[in-house]
Structure formats: structure tokens, C-alpha cells
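One structure below.
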Amino acid sequence: MRLFSNAVVRTFAPAARPDSADPHPDDAARPDESTHPATAGHPDNAAHSDDTRPSVAPDAILVDGETIVAVGTRAELLDIAAAESSTTAALASAGGVGATTVIPGLEIDEIDCGGQVILPGFVDGHMHSIMYADSLTDLDLSQTKSLAEAVTAIRERADSLPVGTWVVGSGWDLNKWDDPSCPDRTLLDAEVPDHPVAMWSLDLHTLWANAHALEIAGIDASTEDPSGGSFVRDDDGQLTGLVREDATDLVARFIPELSREEQVERLAVTQKLFLSQGLTGIHDFDGIASTLGWNDLREADRQDMRVTLFLRGPEVPWAIETGWHTGDGDDWLQRGGLKLFSDGALGSHTSHMSSPFPETDGEAENFGIAQMTEDELFDQARIATEAGISVAIHAIGDQANHHVLEVFERLREITAAAEERFDRPFRHRVEHAQFIQPGDVARFAELGVLASMQPRHCISDLHLLHLIDESAQLAAYAWPDLLAAGAQVIFGSDGPVEPANPFAAIYAAMTRANISGDASTSFQPARRLSAAEAIRLHTQGPAFAAGLESRRGYLAPGMDADFIVVDTDPCAADGLNADSCRADGFNADSCAAEGVSAEAAVQGTSTRPDRAEVDGTDGLLGYDSEEALFAHAEAIRDTRVALTVVGGEIKYEA
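If you're matching positions, the sequence shown starts at 776 in the working numbering and goes up one per residue.
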């Protein structure tokens, strides 16, 4: 067994309330609370009983194999261990954070957490691992401030490569350039004539290519636009080099692929980065490529985090033939659902909106792109669901979200039949759900459709919000609206579109302001979320989406031992009012002073109260000032991870 001690433990375990349903309605799946004395009278019991409140905050976690045995004080957990051992022994002094001391007789390794904070492990609900791995080595244009600067960077990369080698990169965003001119192939052709060039936009929905790349792909002015995509042309009908949405596949398929060995090495490096940022798992949307990569890592005994794998549209026949069913797999590699696309992205002006984008470069009456019609989406979703595969549909624009909800409405009976046939829940999802028509917010809960959202998108898109028609009064990045309506929300990053760091995502949810901490940039502050709520959506949210809510997402006996040790407490700060104990933000010290432990306060966040109860101070979330809120949010943003534990084993140590 392992004892992680000398810590502030934040379990985030949901409270069982008299007026609420059992958090584990399936008794067969419920963690066994009877096998260890820790379930009676120890601090974590507040997660399971309304009659017992912890008197002392937990400071340790006892782990046996891959499972949490108990959460409580160090003394209590040593007593539990002693009850299972024939002898007891005193503990020798440990040597710093992460230091392990063997306790003779008890067969316990004690890991000193150095007084830091233990949190449930974060799971990124929307990640592209292969793309992320590529982004760490491909040319990064995210910091370029002009078209000329981007072209210079591309030329310098080309000069370092053999003639004829593809130059691949990503991250450019004309909306952030000093001169927001659309890039075209003319400059690339002049500066980099001897290399095919393919540069993805920041949102990965537009490809900027030169003539050499287009020639290799067999694309010229006579090439017709494919369904769900386009080749941008000038007034004379000539190709500009900008390729959008589904048309990008016609170019990207000619970019040479890495060998499987090279891809696995990149993936291993990326996994280490994720673990260092507190991620113990991801929902991976890179289809067969990531499925092969993670399986290769697994076979090499190098997989250190848990992965739920999602398919891409063209892979459905293969999935059906091989018997892919959502929820199958094991504790480390789980089969997820199918990802479909309804529209594009805001930055590329391809998100499907009910109102047109402002005129830009001749794009009058541009409502974005519907990559698939409602009927096409339904047909694909039906085929997948009937085959035992749940569906996740990308939708950013409000019109796209409306169409997707219509699809899920039509899919209800088919989904119910599939759940009965395959004996498991099919939790369909909308990926991104950035702009929602007011009348559609409640439909997420009514249809049981999950909203998979990315807080960093809100603050990265601050410079794009002028593109949205204010008169439509859309629910934008409306996490609290969806929660208040009873919908399930999942947080993730959409990496590499956004960095994977979940603490930056918590900052974004708390402030809705730019990453530098400028409070004046905060967008609709009444829609902020507390740190506790944001953490819940980054832990319990993905667990629920994967059908693993009885095993992951919080810390309690019988749950998987996935947690992290960090240097910042997201649940305690100066200026956080005691009154917020009753909501979802709280001050650990004042809660204890009122006779309600901080732990119980966290555990009471499973149901979000009405917004008016939470922050009657216009988005202050229980802090006594905007300054206090931002000070805590910035501290959380800059959190350092000391240890990442997955399946009871330390997979990362700073």
C-alpha cells in the first residue's frame, strides 16, 4: 500500500442530500464502502452520509494497487493499515516532497506531499494528441504579428530543410495581425518556391498553401469545391492558396506521414507534458492515428495516462467491421464515440451562424459553412448509434448547434434502443457549443446531450467577438446557463488549438478575461464560474461523459487512485467570503469556523444553485472584490504540479 500524507486533500466528492438522488444509482458500480474502517467516521464520510460531518480535515490518502482505500488523517489511515497487518511500526522521517519512506511491518510506502494540495486528476475532455505532438515540432506561427513576419518565419524554416521538403506549421491568426490581410500563395510562391508549404490556421480549420503544395495535390483553378469545404479564389477565379474545412483534406493527405516509430516517440513526449500539467487522462479525437499511437505505447509498456479514443467520420465502416462499441476497452484504453462536423470555426469565419459575418474580403452574406446538412448528420449518427457507437458533433455557431440538437431529437428512440441492446448509456455530445440560441439552452438537458466546452476558447476569442451579431442575444460560452438548465458540461482544451494546461482553463472560467490578467477585458462576467465548479467540470464531467462516474472524477474509497499534488489551493484564498460556503466558491478557513468543513463545502457542489444565489455581486463568485478574484485566479493559472499519480503510481514528479 501507499500512503500519500502531509497534504491538504480536496476530494470533490459529491454530497448525498436528502432531496437528491444517490450519486451512485447503480449499486453494483458503487465503490465498496464496507471493506475498510475508513468508511465509518473518517473525514471523507461526508461524501456518503448526511449524518456525519468531518471534524478534522483530511491530510492523507491510502492507496492499495490502483484503488483508493481511504481518505482521512494520517493517524486514521495508519490505524486502518495496522488493522490489516500483524505488526505496527513508527514512521521514519521523510525527505521532501515526493520522498518515499517504507514503514516496516505495515508494508506501506509513505510519500510526503510537503504540505501541498491533493486534487482529483484532471481529464481533458477534448484533445487531439497526434496534432498536439506534431505542434511541438512543426513551425509555430502563433506569435507572429503580421503577414510579413509569418512569411519570414516560413522562409527561415524552409532554408533549414533540404530542397523539396514539405514545410508544415500552424498557429497563424490573421485576426491578431497588425494588418489583418488574408494570407495568399503569392508571397509564399515568391519567398519559398522550392518547397511545398502547408500552414494551418490557429483553429485548424483553414490551410494556407503555396503553388507547389497545390500542384502536388493536383489542385488548380478548375478544381471544384468539395461538399463542406472550399478553395478560396480571387476576383479572377484564381486560387489564393487558402483552403477551408473539408477541402483541406485534399491537400493535407499529401503531407508525408511519420513512421509509427517516430509518431510514438512524439506521443511519448506529449504524454509527459500532459502529466506535468496535471492531466491523468484525455478524450482523444484523433481517430485511428491516435488509436494506433496509444496502442503502440501500451504494448511498449510506456502508457502512463488513461485515454478514451474517438473515431472520425470516414473510419465508421472500419469501426463497425472490427466491433468497436463505445465503452469497451480496459482501465487505460477505452473506446469512445464518433466525431462528426456540423460547421467550422469562428476565426476562419466558417462557424454556421444565424446572422451573417461582417463583410470581410468580399465575403458578403457569409453565414459560415454547414459541413453536413441536418439529414446527413442524422444518417451518420443513426448508423453509428445503431452499431453501438455514441456520437459527438462539432458545433460552434448558433445555427450549427440548433441543427445538431434537432439531430439528437430525431435520434432519441434509436438511442434508447441502442442503450437497451448494448446495456450501457450512450451519452451523445456537442463539441464546443460556443454560441447557442436562447431557446436551445434548455434543450441540452431535455435531450440528455452533453456540452463539451473549452474555457480557453472564450478568452482566446475576445478579439473575435465583434463578428457576432449582438442583436441575436446568443448565449456565448454559456457554461453557467447550461448548468442552471440541468445540462451536463465537460471541460477540455481542444489542444493544440489551446494549450493543454487545465489550470489556465480554470483561470479562463473564473475571469473570462485575457490570459495576462487584465480585468477590463472580461467578457460577460456574470457568466463566470468558481474554481470549484471549473474543477468539477474538468474531473467529474469527463468521467460522466465516459460512463465512469462511479470510478473517477473525485477522491473516495473504492475510486481509482488518480490524483495530483499541487502548490496552490484553488479552494482557499484571501478575500473569499464565508457566505459562499453555501454555493460553489468558499473559503476553507471560514467554512471550518462556521462548523462546516471546507471539504464538506466542496462536496456540496454537485448541483449548481441559481446564479443569483451564487454571485449577487456581478460575477465576483463570493470574493469581496474584483482584485481578490483575479489574484486567486492568477495564482491558480500559475499552479505548479509536484506529483501526478495515475492508478496509484507516480507517473510524473517535478
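Each residue gets a CB set at the ideal place from its N, CA and C atoms; glycine is no exception.
Three-state secondary structure assigned by DSSP to residue i
| i | result |
| --- | --- |
| alanine 984 | strand |
| tryptophan 1254 | helix |
| tyrosine 1329 | coil |
| leucine 1084 | strand |
| leucine 1418 | strand |
| threonine 1055 | strand |
| valine 783 | strand |
| threonine 940 | coil |
| isoleucine 1030 | coil |
| isoleucine 994 | coil |
| serine 740 | The structure shown does not extend to residue 740, since the chain is modelled only from 776 through 1429, so no value can be given for it. |
| aspartate 1293 | coil |
| valine 892 | strand |
| isoleucine 855 | helix |
| leucine 989 | helix |
| glycine 1214 | helix |
| leucine 1025 | helix |
| serine 868 | With a pLDDT of only 38 at serine 868, under 50, the local geometry of the prediction cannot be trusted, and no value is derived from it. |
| serine 1130 | coil |
| tryptophan 1107 | coil |
| arginine 1302 | helix |
| serine 1123 | coil |
| serine 945 | strand |
| methionine 776 | coil |
| leucine 1249 | coil |
| leucine 1042 | helix |
| leucine 1351 | strand |
Unbroken beta strand (DSSP E) run spanning residue i, endpoints
| i | result |
| --- | --- |
| glycine 1016 | 1014–1020 |
| aspartate 887 | 883–887 |
| serine 1227 | 1225–1228 |
| isoleucine 1339 | 1338–1341 |
| glutamate 845 | Correcting the residue identity first, residue 845 is alanine in this sequence and not glutamate. From DSSP, the beta strand (DSSP E) with alanine 845 extends over 842–847. |
| arginine 1008 | 1004–1008 |
| alanine 835 | 835–839 |
| valine 1264 | 1264–1266 |
Contact check, residue i vs residue j, beta carbons under 8 Å
| i | j | result |
| --- | --- | --- |
| methionine 906 | proline 1230 | no |
| leucine 963 | isoleucine 991 | no |
| alanine 1318 | alanine 1262 | no |
| glycine 1292 | leucine 1351 | no |
| leucine 1418 | valine 846 | no |
| leucine 914 | valine 938 | no |
| isoleucine 1457 | alanine 1301 | A question about residue 1457 goes unanswered here, because the residues of the chain that appear run from 776 up to 1429. |
| alanine 1275 | aspartate 954 | no |
| histidine 1203 | valine 1166 | yes |
| glutamine 1052 | proline 895 | no |
| threonine 1286 | alanine 1403 | no |
| proline 958 | tryptophan 983 | yes |
| isoleucine 1171 | phenylalanine 1210 | yes |
| threonine 1045 | serine 945 | no |
| aspartate 1215 | histidine 1177 | yes |
| serine 1129 | glutamine 1078 | no |
| histidine 1238 | tyrosine 1252 | no |
Unbroken alpha helix (DSSP H) run spanning residue i, endpoints
| i | result |
| --- | --- |
| glycine 1068 | 1062–1074 |
| alanine 1279 | 1277–1286 |
| glycine 1316 | 1306–1320 |
| aspartate 934 | 922–934 |
| valine 972 | That residue, valine 972, is in no alpha helix (DSSP H); its beta strand (DSSP E) goes 972–976. |
| isoleucine 1425 | Run containing isoleucine 1425: none in the alpha helix (DSSP H); it sits in the beta strand (DSSP E), 1424–1428. |
| glutamate 727 | The requested residue 727 is not part of the displayed model; the chain covers only 776 to 1429. |
| alanine 965 | 960–966 |
| glutamate 1090 | Segment: none, glutamate 1090 is in no alpha helix (DSSP H) and carries neither H nor E. |
Residue i CB to nearest heavy atom of the ligand NAP below 7 Å
| i | result |
| --- | --- |
| glutamate 1409 | You won't find the ligand NAP in this model; it holds no ligand whatsoever. |
Cβ separation of residue i and residue j, assumed to be a contact under 8 Å, to the nearest whole Å
| i | j | result |
| --- | --- | --- |
| arginine 1415 | aspartate 1344 | With a Cβ gap of about 13 Å, arginine 1415 and aspartate 1344 do not count as contacting. |
| serine 1117 | methionine 1147 | 6 Å |
| phenylalanine 1006 | valine 1018 | 6 Å |
Kindly provide the ranges of any alpha helix (DSSP H) runs that are 4 or more residues long and lie completely inside the stretch 895–919, ordered along the chain.
-> 904–910
Counting only runs of 4+ residues fully inside the stretch 1135–1208, write out the alpha helix (DSSP H) ranges in chain order.
-> 1149–1161, 1173–1185 and 1187–1197
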